[in-house]
Amino acid sequence: MRLTRTSDLWWKNAVVYCLDVETYQDGNGDGTGDFAGLTQRIDHLVRLGVTCVWLMPFYPTRERDDGYDITDFYGVDPRLGTLGDFAEFVRTARDRGIRVIADLVVNHTSEDHPWFKDARSGRDSAHRDWYVWADEPPADGPEGVVFPDAEDSLWEYDEGSGQYYLHRFYKQQPDLNVANPEVRDEIARIMGFWTQLGLSGFRVDAVPFLLETDGQDDAGALPDPHEYLADLRAFLGRRNGESVLLGEVNLPYDGLTRFFGDPASDRGDELTLCFDFVGMQQMYLSMAREDAGPLAAALRERPAAPRDAQWATFVRNHDELTLDKLSDAERAEVFAAFGPEEDMQLYGRGLRRRLPPMVDGDRRRIELAYSLLFTLPGTPVLFYGEEIGMGENRAAEGRQAVRTPMQWTPEAGAGFSTADPDTFPNPLVDGAFGCEKVNVYGQSRDPGSLLSRIRLFAERYREAPELAWGDHLPVETGERAVLAHVGRTADGAVLAVHNFRGRPVTVRPRLPGAGPGARLTDLLDEGHAGLTVSEDGTVPLELPAYGYRWLRIGTQADDPDRVLAH
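See the structure below:
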């Protein structure tokens with residue numbers, strides 16, 4: 001039995017878990033989550049099967065964009081603890097077999113960052129060219145406002161220095177000038193600093209915005225943007241060969257894959273992983289239509305990642321659930337199915353909801369989505385609370401609706417904090433998805449809970465490297481509601497089948513490379529009788545409404561030398 005032993009490619013079959021320190025666990029009773037509290041909860045992540053924690057911004061901030069308006073790239077927000085608390089968390093996580101990555105937000109700073117304060121003090125200041133200035137907004141500059149509910153321009157006039165500065169996000173977040181070599185050097189220092197303290201990489205925020213220099217007078221000073229991204233990857237590799245760059249690149253496939261590296265090479269030398277925004281959006285369209293077709297088409301269209309890179313799959317991220325890559329008509333379908341009320345939508349392009357309330361708590365449809373997460377080719381990324389089926393609180397502003405405190409217990413404060421809930425960073429979820437009904441304590445003691453199911457998904461996914469490492473082979477089922485695919489390596493093959501329709505179906509997929517008599521073993525339910533491939537090369541499969549199956553094709557022999565990458 002052969003399996004490549006490449007520990008520096010640990011991310012190929014990782015289980016990534018995104019969390020916000022300030023909403024995860026309060027360790028000192030002041031109403032705000034902190035690193036001390038997060039460290040206390042590390043065993044929950046171990047039991048869940050998490051192998052990599054992704055930390056949302058924890059740096060000092062003015063809190064005008066939920067921590068993304070950073071005032072110091074080399075510190076920890078005092079509300080969340082100290083550098084010592086951070087280091088203790090990373091050490092504890094590593095002791096439990098969990099790596100840690102963090103948000104790298106270097107496309108802008110807070111207007112209260114010392115660099116910008118100096119930059120706006122005068123046109124001859126030391127940091128003036130660290131930002132992008134213009135006497136008048138250039139006609140050929142960047143277009144499109146990221147937050148149309150709050151901003152109507154990408155340029156803000158600075159009274160003190162008499163020029164406009166560029167901000168692709170909020171006006172309180174002036175863009176850094178990546179065309180300036182001093183800025184590029186500083187970004188490398190930031191990465192090196194946190195890597196030295198134990199991080200195994202970064203989730204890079206808004207990558208296309210970081211590299212865009214349209215309309216800048218000094219744009220020619222920047223090397224080819226992709227050469228610069230490759231330089232960052234190489235720098236990180238020199239500091240720590242196992243480190244990763246997980247990129248937020250919300251583009252169509254033909255533009256997105258360039259961020260893995262030069263398409264003329266089969267090696268990925270830029271971003272290590274890229275989120276599959278297109279596939280995620282098509283999954284919701286398939287769920288809305290109860291038709292696997294849109295997702296199947298996206299998977300056929302999606303290029304294979306280079307051998308030193310990987311796609312990252314997700315059900316939702318920490319922002320709004322963006323649907324911007326759907327057509328207007330398709331987006332309207334998803335809105336009608338999962339967010340028909342105006343306050344469920346955001347920016348006209350997405351939903352500020354979590355999945356369980358979208359499907360009215362239908363456990364079958366929730367499980368279907370997370371079964372897809374763990375079986376579609378790529379590295380699965382969970383957002384905190386997904387493992388227990390948390391909902392949103394639409395009383396919170398904008399994106400904050402899905403960034404509510406973690407629900408640990410049914411007690412007042414949800415086990416998140418002993419402080420007055422009015423002091424929490426965001427309000428708790430209430431109603432049908434409140435902590436009284438949805439919490440870790442209750443579900444961890446219930447073998448039939450969603451938490452138990454997600455744990456099983458993570459465990460079986462880690463035991464089936466074909467899903468993460470293997471070739472993806474679509475399988476025709478003859479039924480529009482059913483998506484089937486095989487993950488295959490030289491060592492074995494796993495078939496995943498999903499029924500998007502709310503009624504039972506029977507299909508007879510023809511399995512590639514499986515001859516008559518080949519046995520199929522259910523990976524999720526040992527109570528299921530084994531199946532056998534028929535003489536015509538097909539296998540009969542019965543799927544309940546919104547049902548799914550994970551089936552190993554053939555027998556996987558026990559081999560003491562077979563070591564999964566971890």
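Numbering (full-length UniProt numbering), first residue to last: 1 to 566.
Backbone N, C-alpha and C fix where the C-beta goes; we use that ideal spot for every residue, glycine too.
Rounded separation between residue 566 and residue 51 - CA only: Because residue 566 carries a pLDDT of 33, less than 50, the predicted location of this residue cannot be relied on, and the following value inherits that uncertainty. Residue 566 and residue 51 have their C-alpha atoms some 8 Å from each other.
Residue interval of the beta strand (DSSP E) (run including residue 498): Looking at the DSSP string, the run of the beta strand (DSSP E) that includes residue 498 is 492-499.
Residue from 482, 185 and 473 with nearest C-alpha to residue 304: Across the set 482, 185 and 473, the C-alpha of 473 shows the shortest separation from the C-alpha of residue 304.
DSSP-derived helix/strand/coil call for residue 144: Looking at residue 144 - three-state DSSP - the assignment turns out to be coil, as it is neither helix nor strand.
Minimum Cβ-Cβ distance from residue 429 to chain B less than 9 Å: Protein chain content of the structure displayed is limited to a single chain, and chain B is not contained in it.
Residues of its chain near residue 70, where Cβ-Cβ distance is below 8 Å and the 5 sequence neighbours each way are ignored: Taken in chain order, the residues that qualify are 57, 59, 60, 61, 105, 109, 110 and 113.
Length of the line joining the Cα atoms of residue 438 and residue 386: C-alpha of residue 438 to C-alpha of residue 386: approximately 11 Å in a straight line.
Contact between the region 315-328 and the region 510-521 (3+ Cβ pairs under 8 Å): Taking 8 Å as the limit for Cβ pairs, the verdict is that the region 510-521 does not touch the region 315-328.
Residue 456, DSSP secondary structure in three states: Correct three-state label for residue 456: helix.
DSSP bridge partner residues for residue 483 (one or two, in chain order): Partner(s): 498.
Residues of its chain near residue 156, where Cβ-Cβ distance is below 7 Å and the 5 sequence neighbours each way are ignored: Closer than 7 Å at the Cβ level, and outside the excluded window around residue 156, lie 164, 165, 167 and 171.
Three-state class that DSSP yields for residue 208 in the structure shown: Here residue 208 carries a helix assignment [DSSP, helix/strand/coil].
Host alpha helix (DSSP H) of residue 281 (start-end): 277-289 is the extent of the alpha helix (DSSP H) around residue 281.
CA nearest to the CA of residue 227, picked from 253, 483, 258 and 404: Nearest C-alpha to residue 227: 258.
With 16 other Cβ atoms within 10 Å as the buried cut-off, status of residue 123: With fewer than 16 other Cβ atoms within 10 Å, it is exposed.
Host beta strand (DSSP E) of residue 522 (start-end): Run containing residue 522: 519-522, per the beta strand (DSSP E) assignment.
Beta-carbon proximity check, residue 364 vs residue 545, cutoff 9 Å: A Cβ-Cβ contact shorter than 9 Å links residue 364 with residue 545.
Own chain residues within Cβ distance below 6 Å of residue 181, not counting five before or after: Excluding five sequence positions before and after residue 181, none of the CB atoms of its chain fall closer than 6 Å to its own CB.
Residue 433 (DSSP reduced to helix, strand or coil): Helix.
Residue ranges of each beta strand (DSSP E) within the region 96-130, 3 or longer: Residue ranges of uninterrupted beta strand (DSSP E) with 3 or more members, entirely inside the region 96-130 and ordered along the chain, are 99-104.
As assigned by DSSP and simplified to three states, the class of residue 472: Strand at residue 472.
Nearest to residue 301 (by Cα), restricted to the options 465, 22, 253 and 475: Checked all of 465, 22, 253 and 475; the closest Cα to residue 301 is 253.
Continuous alpha helix (DSSP H) stretch holding residue 294: start and end: Looking at the DSSP string, the run of the alpha helix (DSSP H) that includes residue 294 is 293-301.
Contact check, residue 38 vs residue 25, beta carbons under 9 Å: Their beta carbons are under 9 Å apart, which means residue 38 touches residue 25 by this criterion.
Residue 20 - DSSP class collapsed to helix/strand/coil: For residue 20, the three-state secondary structure derived from DSSP is coil.
Reduced DSSP category for residue 50 - H, G, I as helix; E, B as strand; rest coil: When secondary structure is reduced to three states using DSSP, residue 50 falls in the coil class, being assigned neither helix nor strand.
Distance CB(residue 496)-CB(residue 470) smaller than 9 Å: Going by beta carbons, residue 496 and residue 470 fall outside the 9 Å limit.
Inter-residue Cα distance where the pair is residue 28 and residue 283: Going by C-alpha positions, residue 28 is about 41 Å away from residue 283.
Expected contact under 8 Å - CB spacing of residue 295 and residue 286 to nearest Å: Rounded to whole angstroms, the Cβ separation of residue 295 and residue 286 is 4 Å, and the two are in contact under 8 Å.
With 16 other Cβ atoms within 10 Å as the buried cut-off, status of residue 5: For residue 5, the predicted structure reports a pLDDT of 42, less than 50, and the residue's modelled location is therefore unreliable. The matter cannot be settled from this model.
Touch test, the region 238-248 against the region 195-205, Cβ-Cβ under 8 Å, three pairs minimum: They touch, by the three-pair rule.
For residue 158, the residue or residues it bridges with in DSSP: For residue 158, which the question treats as bridged, DSSP gives the partners 163.
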